[in-house]
Amino acid sequence: MRGGLTAVGVALLVGLPAQLITARVAAQAPDTFGLGSRSASLAGAVTADVEDGSANYYNPAGLARGGALRLGVGYFAVHHALAIDDVDSNVDPVRGLVFGMVVPGEIAGLRFAFGLGGHLNDERLSRFRSIDRGRPRWEFFDNRPHRPFLAAHVALRPWDWLLVGGGIGFQSTSTTILDIRGSLDLPRPNVDSRLKHSMIGDLQTIRYPQLGVQVVPNDTWSFGLVYRGELDLRNRLFAEGLAGITGLGDPIPLYVLIETASVGAFVPQQASLGAAFRPTPAVRLSAELTWIDWSDYRSSIGSSDVILTIDLPPELAGVIDVPDSIASSRPIPAGLHDRFVPRVGAEVSAIDDEDLGLSFRGGYYYENTPIPEQTGFANLVDADRHVFSIGAGLALRDLEPLIDGFVTFDAHFQYSFLPERVTRKSSLVDPAGDYRAGGHIFSGGLTVEVGFQ
Amino acid sequence: MRAAAITLSIPLAVLIALPATAAATPQDLFGFGTRSPALAMTGVAFSEGAEASFLNPAGLSRVRRRSISLGFSAAAYSVNLDGDRFPIEAPRGSTIGFCLPLPFGGFLRDRLVLGGGFYTPVGVLLRGVVAYPDVPQFPVLDRVQVVAVQFGAGMDLSGWVDGLRVGVGISALADLTGDVLVRLNQENQFVSELETQLLSTFGPILGVSYDNGRFGVGAVWRSELMSHMGLDVQATDLPVEVPPLTVGGLVQYDPHTVAVEGVWHATDDLLLVAHATVRFWSGWPGPQQKTTMSSDLAPAPELSTVVSPRVAVEHTVRDTRFEMRLRAGYAFEPSPAPPARDATVRDRDGRPRVEGGVPVQIPLRYLDNDRHVFTAGIGIVRPVGDGARVTFDIYGQAHVLAPRDHDVARTDGAQPMRTTGLVLAGGWSLGLEF
Numbered sequence: 008m009r010g011g012l013t014a015v016g017v018a019l020l021v022g023l024p025a026q027l028i029t030a031r032v033a034a035q036a037p038d039t040f041g042l043g044s045r046s047a048s049l050a051g052a053v054t055a056d057v058e059d060g061s062a063n064y065y066n067p068a069g070l071a072r073g074g075a076l077r078l079g080v081g082y083f084a085v086h087h088a089l090a091i092d093d094v095d096s097n098v099d100p101v102r103g104l105v106f107g108m109v110v111p112g113e114i115a116g117l118r119f120a121f122g123l124g125g126h127l128n129d130e131r132l133s134r135f136r137s138i139d140r141g142r143p144r145w146e147f148f149d150n151r152p153h154r155p156f157l158a159a160h161v162a163l164r165p166w167d168w169l170l171v172g173g174g175i176g177f178q179s180t181s182t183t184i185l186d187i188r189g190s191l192d193l194p195r196p197n198v199d200s201r202l203k204h205s206m207i208g209d210l211q212t213i214r215y216p217q218l219g220v221q222v223v224p225n226d227t228w229s230f231g232l233v234y235r236g237e238l239d240l241r242n243r244l245f246a247e248g249l250a251g252i253t254g255l256g257d258p259i260p261l262y263v264l265i266e267t268a269s270v271g272a273f274v275p276q277q278a279s280l281g282a283a284f285r286p287t288p289a290v291r292l293s294a295e296l297t298w299i300d301w302s303d304y305r306s307s308i309g310s311s312d313v314i315l316t317i318d319l320p321p322e323l324a325g326v327i328d329v330p331d332s333i334a335s336s337r338p339i340p341a342g343l344h345d346r347f348v349p350r351v352g353a354e355v356s357a358i359d360d361e362d363l364g365l366s367f368r369g370g371y372y373y374e375n376t377p378i379p380e381q382t383g384f385a386n387l388v389d390a391d392r393h394v395f396s397i398g399a400g401l402a403l404r405d406l407e408p409l410i411d412g413f414v415t416f417d418a419h420f421q422y423s424f425l426p427e428r429v430t431r432k433s434s435l436v437d438p439a440g441d442y443r444a445g446g447h448i449f450s451g452g453l454t455v456e457v458g459f460q
Numbered sequence: 002m003r004a005a006a007i008t009l010s011i012p013l014a015v016l017i018a019l020p021a022t023a024a025a026t027p028q029d030l031f032g033f034g035t036r037s038p039a040l041a042m043t044g045v046a047f048s049e050g051a052e053a054s055f056l057n058p059a060g061l062s063r064v065r066r067r068s069i070s071l072g073f074s075a076a077a078y079s080v081n082l083d084g085d086r087f088p089i090e091a092p093r094g095s096t097i098g099f100c101l102p103l104p105f106g107g108f109l110r111d112r113l114v115l116g117g118g119f120y121t122p123v124g125v126l127l128r129g130v131v132a133y134p135d136v137p138q139f140p141v142l143d144r145v146q147v148v149a150v151q152f153g154a155g156m157d158l159s160g161w162v163d164g165l166r167v168g169v170g171i172s173a174l175a176d177l178t179g180d181v182l183v184r185l186n187q188e189n190q191f192v193s194e195l196e197t198q199l200l201s202t203f204g205p206i207l208g209v210s211y212d213n214g215r216f217g218v219g220a221v222w223r224s225e226l227m228s229h230m231g232l233d234v235q236a237t238d239l240p241v242e243v244p245p246l247t248v249g250g251l252v253q254y255d256p257h258t259v260a261v262e263g264v265w266h267a268t269d270d271l272l273l274v275a276h277a278t279v280r281f282w283s284g285w286p287g288p289q290q291k292t293t294m295s296s297d298l299a300p301a302p303e304l305s306t307v308v309s310p311r312v313a314v315e316h317t318v319r320d321t322r323f324e325m326r327l328r329a330g331y332a333f334e335p336s337p338a339p340p341a342r343d344a345t346v347r348d349r350d351g352r353p354r355v356e357g358g359v360p361v362q363i364p365l366r367y368l369d370n371d372r373h374v375f376t377a378g379i380g381i382v383r384p385v386g387d388g389a390r391v392t393f394d395i396y397g398q399a400h401v402l403a404p405r406d407h408d409v410a411r412t413d414g415a416q417p418m419r420t421t422g423l424v425l426a427g428g429w430s431l432g433l434e435f
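Protein chains in written order, with this note's numbering: chain A, 8 to 460; chain B, 2 to 435.
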């Protein structure tokens with residue numbers, strides 16, 4: 008019995024409802040695997056000249072680049088083959104719908120556009136899974152892609168050589184107030200316990216900026232710069248429980264007060280600078296560098312303060328042990344460092360007729376892990392990542408009278424190689440011990456876009 | 002003109018970015034958009050633009066220009082319980098709408114239009130409140146702190162049946178569910194493992210309308226739309242057995258709704274509207290759920306299906322430089338809730354709980370009043386060149402709560418409760434059609 012009620016108090020009334028509205032994790036699928044098949048096959052090196060629906064992620068300035076009304080939709084899937092000590096980590100696959108919309112316009116000579124784009128997982132909008140911090144977990148792949156990305160932007164083209172775009176990203180954080188009352192029957196808890204609860208749960212809005220610019224000095228060169236703001240979703244819980252423990256004579260008052268706060272999601276600010284070069288009309292080359300501010304990472308391990316009081320009659324003092332106090336917990340700095348991601352992409356147009364187009368693409372980018380070696384109690388698993396992508400696009404341009412424009416079909420395949428990383432613990436009695444982590448990730452997708460001139 | 006276009010684009014750029022995460026009910030209470038709320042929440046037979054994505058997606062097919070609009074709406078509550086002001090947080094939020102005629106050729110020319118509308122509260126995306134049933138609460142009025150998302154598509158069937166339009170749309174909400182396992186870890190400490198999921202829920206909207214230039218009719222069905230928050234808690238490795246807990250409840254609810262409407266263009270400048278909305282509130286199960294398998298259920302809320310009649314008028318004043326539309330309307334919103342009363346608690350299986358042959362009753366303090374809704378508004382349309390137009394609409398509403406006497410007191414020994422009040426709402430929108 009000793010510790011039982013402590014556990015009941017802490018587990019039932021403390022840490023559990025605390026997470027009721029905290030299904031948020033760091034970043035989203037486009038950060039990890041790209042958005043849209045054309046841009047993904049170019050390794051995301053499209054900041055300088057993107058103009059399709061994926062501009063809603065890569066660079067909103069590109070929305071005003073073309074003159075076509077574009078509506079795109081596609082599907083995307085990821086399979087993880089990640090292992091720790093050669094044992095498959097069973098990281099969930101990611102599958103989802105991608106979409107993008109570009110609506111251009113012109114008034115009094117000013118070209119502008121607005122756009123919508125996103126990624127929606129097909130099994131759920133988002134999923135968050137927390138485990139014991141001591142258990143090894145792939146920090147950037149277990150939770151990270153399992154959340155939606157949705158964005159809308161406006162872009163202007165005040166001069167032919169300059170495009171600017173921006174919007175406000177939009178996410179939510181949560182605050183929960185919980186009250187539990189009633190009776191908790193010890194002899195027959197499943198039959199005679201009559202607990203009830205009330206709750207106020209707020210999902211509060213958080214806005215963060217997304218800004219981009221493209222500079223087009225001539226038909227050969229194009230440059231782009233984009234900035235995405237930081238997103239820090241803090242979740243708070245205030246819970247109060249007042250229950251009577253029954254089954255041991257007169258009801259025994261139990262009072263619990265819990266206050267917790269945690270960072271359920273952290274998306275670092277990032278900036279990307281890129282250039283695209285067309286040595287001939289049929290060849291497009293691009294390169295860019297992305298800075299990601301992982302050093303500002305906020306630990307997902309939260310803080311908590313707990314008060315537990317049970318007014319035990321003296322005759323039960325030996326039956327139920329009530330702790331004098333429950334230690335508060337505070338987050339541990341994760342110690343991540345910034346990441347610079349180089350990207351290159353190439354596209355070759357094999358056919359470029361009035362009624363048909365066919366292109367082949369390839370790309371590569373490298374992500375060094377921002378997570379330091381986990382020598383202590385924490386086990387945030389990650390490794391460097393080499394990403395190779397290929398793709399192809401087919402454009403149908405002779406569709407009148409139904410469509411004065413085009414329909415494109417783009418497909419891509421992406422392979423990620425994570426070379427094995429060895430973690431050596433500083434303590435010989437560390438529960439997790441030393442381990443090796445690495446593996447492979449396979450992803451691919453298909454996007455269809457209709458463009459109206 | 003170029004400066005004006007840039008000026009208009011700046012707030013668009015700043016405010017447009019809103020994703021669709023979850024949705025529902027402010028539009029059920031105050032209407033959606035800015036034209037319809039000024040016309041007593043009508044629009045099933047004549048709506049066009051982004052607000053048609055909720056009112057009747059068939060109306061989207063009237064649109065011939067791409068458009069985007071931004072706006073703001075707010076309300077102020079003065080609801081009284083026994084003469085004391087009852088605290089209901091007033092909603093304030095931004096609105097965004099867009100319409101996108103699809104420029105197909107051939108047999109699809111000028112037929113298909115997509116549209117969407119969003120409302121985002123300033124403070125919260127979603128407020129889920131699950132109160133004890135004996136705590137005074139306004140379950141119908143106090144459910145507006147939630148984001149709203151509507152998408153629709155309308156199709157003009159002229160040529161096959163001139164004047165006939167059909168549409169389909171969705172309203173979106175989200176369920177938040179999860180599981181928690183409490184266990185001993187390797188260091189013999191109690192820890193919790195959590196998995197939560199955000200699942201989208203959709204309520205379809207189907208609509209049809211017909212007009213011959215002078216008369217028009219429309220009908221729409223909006224599906225029930227619900228949002229749950231819930232977390233199942235299981236504890237193991239404990240010295241005592243703890244019952245599984247479920248925390249949460251039904252935090253947002255829109256009932257099945259059917260609306261029919263007729264309009265008469267008495268002159269080229271005068272529109273008269275008659276409307277009826279049926280809300281099937283009888284399907285509302287109440288917000289509470291059992292905390293444990295052996296916990297009692299709250300008494301059944303026993304709400305009723307209600308019919309809301311509405312009338313409205315719109316007069317257009319035309320000038321060479323602009324159009325001004327003057328709007329007014331009235332709606333009667335009957336309360337679906339019976340008076341607050343003593344009601345029988347239900348046992349774990351939903352049967353009336355009886356102890357010693359006597360039903361166990363508690364005060365069920367769900368409060369609501371009939372509402373008389375008076376609305377007015379103005380709309381201005383001004384061409385800005387290249388076939389583009391700027392629109393500005395503003396509206397106001399006064400919801401007068403008819404005084405109501407309830408069957409139970411606020412506290413033991415007091416007089417039965419009496420509820421009265423006034424709700425004021427208003428908003429504006431600025432749009433660009435191009």
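We put the beta carbon where it would ideally sit given N, CA and C, even for glycine.
Buried versus exposed call for residue i [16 or more other C-beta atoms within 10 Å across all chains shown]
i               : result
R431 of chain A : exposed
S74 of chain B  : buried
H344 of chain A : exposed
F108 of chain B : exposed
L89 of chain A  : buried
T96 of chain B  : buried
W285 of chain B : buried
H447 of chain A : exposed
H393 of chain A : exposed
T268 of chain B : exposed
V348 of chain A : buried
I314 of chain A : exposed
P340 of chain A : exposed
Those residues which DSSP pairs with residue i across a bridge
i               : result
L61 of chain B  : Answer is none; L61 of chain B lacks a bridge partner.
S172 of chain B : B:Q151, B:G204
Q198 of chain B : A:R134, B:T178
N128 of chain A : A:G103
Y372 of chain A : A:R350, A:V394
N81 of chain B  : B:R86, B:T421
K203 of chain A : A:R188
T121 of chain B : B:S95
T430 of chain A : A:Y442
M108 of chain A : A:L78, A:L123
Start and end residues, beta strand (DSSP E) containing residue i
i               : result
D199 of chain A : No beta strand (DSSP E) holds D199 of chain A; the alpha helix (DSSP H) holding it covers 196-199.
R280 of chain B : 271-281
A444 of chain A : 442-459
R311 of chain B : 306-319
Alpha helix (DSSP H) segment containing residue i, residue limits
i              : result
Q27 of chain B : The identity of residue 27 of chain B in the sequence shown is Pro, whereas the question assumes Gln. Start and end: 27-31.
F55 of chain B : 53-56
S37 of chain B : 36-39
Within 8 Å of chain A by C-beta, residues of the region 60-88 of chain B in sequence order:
R67, I69
Can you list the beta strand (DSSP E) stretches of 3 or more residues lying completely in the region 38-92 of chain A, in chain order?
76-91
Please identify, using Cβ separations under 9 Å, the residues of the region 314-342 of chain B that lie next to chain A, in order along the chain.
none
Fully enclosed by the region 287-318 of chain A, which beta strand (DSSP E) runs are 3 residues long or longer?
290-299, 310-317
If the cut-off is 9 Å on Cβ atoms, which residues from the region 371-387 of chain B count as contacting chain A, listed in chain order?
V385, G386, D387
Using a Cβ-Cβ cut-off of less than 7 Å, list which residues of the region 104-116 of chain B approach chain A; keep chain order.
P104, F105, G106, G107, L109
What residues in the region 108-120 of chain A have a beta carbon less than 8 Å from any beta carbon of chain B?
M108, V110, G112, E113, I114, A115, G116, L117, F119
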